[in-house]
Ligand code: PEP
Ligand code: MN
């Protein structure tokens, strides 16, 4: 299904550059904390201020947000700078309260995106409302669920729509709080090239030291903006203390980010790029041909194993292939991780092919 998407510069947010920069506290905690944080951000290039009002917490008895009264704190503090604001909505009540308070943009949180009933109820409540809505990825790495939520909101008539990439949770600890799995937003971009994608490095990283590198990576990949949490005094924040930046650090960090340009139309640049891309195309075609030939051999071996009633998987041979190819790849700058993933994909397809051969009538083994 296609999405009806309005470009970000038509969202009425008065975006300063080509990217949307959102910042503000994880949670609104008091009128003073919101005001001081936003005042501190006043000379940074923030387009929209955020604050969590209703906080979806994993465990009960932790700070669950200040509720509706925080909407006014956020609105008032942003009004001093004439800037729009955004909050997370997780149910119909939140939508009504946020709209009543004049909130300019909404986002749907990662936990809500996982629940199609909740997303549909929010979508129904938004019918006839012309406001930008951003949809965070679900906490689990399920692209369809993410797309489904975007479709529900879009079908309610919201065309000012975008996605927020905030990483994916995993049971085993990694250096990230939520693993970025960049291939997932990249696939979303491939499927919906017009859909703005905003990266949320704060919830990917979980700790402030990692935020600059993840922010830069998002810009390197051509993402359309960043949402970064900031707090006037992060160490005493009531939620996400470790990942919030002071307004000063936010300004320092964003000023150091290198903003990558879109392709543009410089003919000389395009010319050289096209040539390099042709060489890539040639190599890719060769790669596919070689893989095809390899599969032909794999099927012949499958036939031979079948005639001799030998099992498909021969662990010693597989191990020998892996070790030898990893050694070959290392000096060419290819990581072990990458090469192993490629080999495993080839091996999986080889096993699938041999299983087909084993379970179909015998052919003659080609010489
Ligand atoms: C947030 O932005 O504060 C938040 C709760 O994020 P997420 O839904 O990504 O966990
Ligand atoms: Mn947060």
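Residue numbers (this note's numbering): 72 to 438.
Note that beta-carbon positions come from the ideal geometry of N, C-alpha and C, so glycine has one too.
No experiment lies behind these values; they were computed from the predicted model shown.
Where residue i sits in the DSSP three-state scheme
i           : result
residue 301 : strand
residue 95  : strand
residue 100 : coil
residue 206 : strand
residue 389 : helix
residue 319 : helix
residue 177 : strand
residue 135 : coil
residue 237 : coil
residue 167 : helix
residue 375 : helix
residue 255 : helix
residue 296 : strand
residue 157 : strand
residue 119 : strand
residue 383 : coil
residue 361 : helix
residue 268 : strand
residue 86  : coil
residue 232 : strand
Residue i: CB within 6 angstroms of a non-hydrogen atom of ligand 2
i           : result
residue 270 : no
residue 306 : no
residue 295 : no
residue 311 : yes
Nearest residue (CA-CA) to residue i, options the options
i           : options               : result
residue 215 : 230, 200 and 187      : 187
residue 220 : 246, 250 and 259      : 259
residue 315 : 281, 287, 341 and 408 : 281
residue 309 : 98, 406 and 84        : 98
residue 72  : 223, 192 and 128      : 223
residue 125 : 416, 178 and 287      : 178
residue 210 : 296, 357, 184 and 387 : 184
residue 328 : 367, 284, 246 and 146 : 284
residue 114 : 379, 152, 233 and 424 : 152
residue 386 : 75, 415 and 367       : 415
residue 141 : 130, 403 and 168      : 168
residue 93  : 81, 120 and 82        : 120
residue 245 : 338, 147, 270 and 276 : 276
residue 139 : 171, 109 and 132      : 171
residue 377 : 388, 101, 433 and 402 : 433
residue 134 : 230, 311, 388 and 427 : 311
residue 76  : 230, 145, 105 and 365 : 230
Whole-number beta carbon distance between residue j and residue i, since they are thought to touch under 8 angstroms
i           : j           : result
residue 248 : residue 274 : 7 angstroms
residue 290 : residue 331 : 6 angstroms
residue 162 : residue 194 : Contact doesn't hold; Cβ gap of about 12 angstroms is too wide.
residue 197 : residue 227 : 5 angstroms
residue 88  : residue 127 : Wrong, their Cβ atoms sit about 31 angstroms apart, outside the cutoff.
residue 156 : residue 149 : 5 angstroms
residue 203 : residue 84  : 7 angstroms
residue 429 : residue 383 : 7 angstroms
residue 269 : residue 91  : 6 angstroms
residue 201 : residue 235 : About 20 angstroms separates the two Cβ atoms, so there is no contact after all.
residue 158 : residue 111 : Actually they do not touch by this definition, with Cβ atoms about 19 angstroms apart.
residue 117 : residue 154 : 7 angstroms
Residue i beta carbon near ligand 1 (any heavy atom closer than 6 angstroms)
i           : result
residue 276 : no
residue 180 : yes
residue 237 : yes
residue 164 : no
residue 288 : no
residue 123 : yes
residue 364 : no
residue 207 : yes
Cutoff 7 angstroms: residue i Cβ touching any chain C Cβ
i           : result
residue 207 : Included in the structure is just one protein chain, with no chain C present.
For the segment 253-269 and the segment 301-308, state whether three or more C-beta atom pairs, one from each stretch, are separated by less than 8 angstroms. The segment 253-269 vs the segment 301-308: no contact.
Report yes or no: do the segment 287-303 and the segment 311-327 share at least 3 C-beta pairs separated by less than 8 angstroms? The segment 287-303 makes contact with the segment 311-327, as at least three CB pairs between them are under 8 angstroms.
Below 8 angstroms, can you find three or more Cβ-Cβ pairs linking the segment 367-384 to the segment 392-402? These segments do not touch.
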